[in-house]
Amino acid sequence: MLQYCRSDVDILRRGCLEFRNLMINVTTIKESTVLANGTTKKTSSIGVDPFDYVTIASVCMGIFKTLFLKEKSQIEIIKDEEFNLYHICIQNKLEGICLDDSWTSLVDLRKDESVQIGKRHFKSPIAVVPSQGYTKRDNYSKISIQWLEWLMEKSRQRGNAIAISHALNGGEYQVPGTNFRCDGFAKTLTGKGTIYEFYGCVFHGCPTCFPDDRNSIKHPSTNQTMKELYDMTKTEKRN
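This is how it looks when you write it as structure tokens:
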């Protein structure tokens, strides 16, 4: 049985290596350039390694972006104290821009002391979803939104509906004169308002859920310890 398992793993290893080599070979771009002295210079770009991706679909997207997607980019140029964005175009395999009605390579521009080259801006026809989604960058938990929505539903059932603004329906309310943003805020007819705070265990360093190693366990997003989060919560509550 042990020999069979070892053989099975060895076959899988060989198959994966062969698949990797095939994918890299077929996606490697090889070019030959004839130099002025008559010799030929061969260059090649590294192909797509399928094991840099998690799924076969992401491998296909990687191949598409590497081999077929046209790159469009702009670059910041400051000349004579005037800032402009220029489209980068390639001539004779060199990157350059059209400056003063003539094409100039970026290599030559870097030698010009009157020109400053800034950041490069890339454009892509493929939409890139923000890492935190399309909503505003407020930190919130699913259960806190559910709680606030439940409070609004209960108030509607009682006949005195309240509108609570939160991260997903208008953004978190920032207390004037402070950096404090509350989970929910309901404005009253008198001009005052009610602040709603949901004390989630992770975001607020709950001592019941995290009784041990409170000075070493940190929140993955804020990098603050559970003790620091709990102390901040108590300070906010007092204020």
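Numbered according to full-length UniProt numbering, the sequence shown terminates at residue 239, and the numbering increases by one at each position without gaps. We treat Cβ as the ideally placed atom computed from N, Cα and C, and that holds for glycine. In this text the structure is predicted, and so the values were computed from the model without any measurement.
What is the DSSP secondary structure of residue i, counted as helix, strand or coil?
i	result
N215	coil
F203	coil
E153	helix
L148	helix
L69	coil
F122	strand
F185	strand
F51	helix
Who are the Cβ neighbours of residue i in its own chain at under 8 Å, not counting the five residues just before and after it?
i	result
W103	C89, Q91, G96 and I97
H121	S73, Q74, I75, E76 and L85
I145	H166, A167 and L168
What first and last residue would you give for the alpha helix (DSSP H) that runs through residue i?
i	result
S141	No alpha helix (DSSP H) contains S141, which DSSP labels as neither H nor E.
Y230	M226 to R238
C5	L2 to T27
V59	I56 to I63
Starting from residue i, trace the beta strand (DSSP E) both ways and give me its first and last residue.
i	result
L109	Run containing L109: none in the beta strand (DSSP E); it sits in the alpha helix (DSSP H), L106 to K111.
K79	K72 to K79
N179	Here N179 belongs to no beta strand (DSSP E), and DSSP marks it neither H nor E.
T194	G193 to Y196
C98	L94 to L99
L85	E82 to H87
Which residues in the same chain as residue i place their Cβ atom closer than 7 Å to its Cβ, once the five residues preceding and following it in sequence are excluded?
i	result
K119	E76
T27	G47, V48, I63, T66 and L67
Q224	K218
W147	F198
A211	Here the sequence assigns Pro to residue 211, which means Ala is not the residue at that position. Here the set comprises nothing.
K123	K72 and S73
N215	T225 and K227
Sorted by chain position, which residues of the same chain lie with C-beta nearer than 6 Å to residue i's C-beta, five sequence neighbours on each side aside?
i	result
N84	I77
H204	L229 and T233
S45	I29
L116	Per the sequence shown, the amino acid found at residue 116 is Gln instead of Leu. Result list for Q116: I78, in chain order.
Is residue i buried or exposed, if buried means 16 or more other CB atoms sit within 10 Å of its CB?
i	result
S58	exposed
Y196	buried
G159	exposed
G191	exposed
M226	buried
S165	buried
G184	buried
A167	buried
A161	exposed
Y140	buried
Y173	buried
A186	buried
Can a CB atom of chain B be found closer than 8 Å to the CB of residue i?
i	result
K187	Absent from the structure: chain B. Only one protein chain is present.
Given 7 Å as the limit, tell me if residue i has its C-beta closer than that to any heavy atom belonging to the ligand FMN.
i	result
C206	No copy of the ligand FMN appears in this structure; indeed no ligand is present at all.
So, does the segment 200–219 touch the segment 145–163, judging by three or more C-beta pairs under 8 Å? Counting C-beta pairs closer than 8 Å gives fewer than three between the segment 200–219 and the segment 145–163, which falls short of the contact rule.
Determine, using beta-carbon pairs with one atom in the segment 103–114 and one in the segment 153–163, whether at least three such pairs fall under 8 Å. Cβ pair count under 8 Å is below three, so no.
Is the segment 16–24 touching the segment 49–62, taking contact as three or more C-beta pairs under 8 Å? Touching, per the Cβ criterion.
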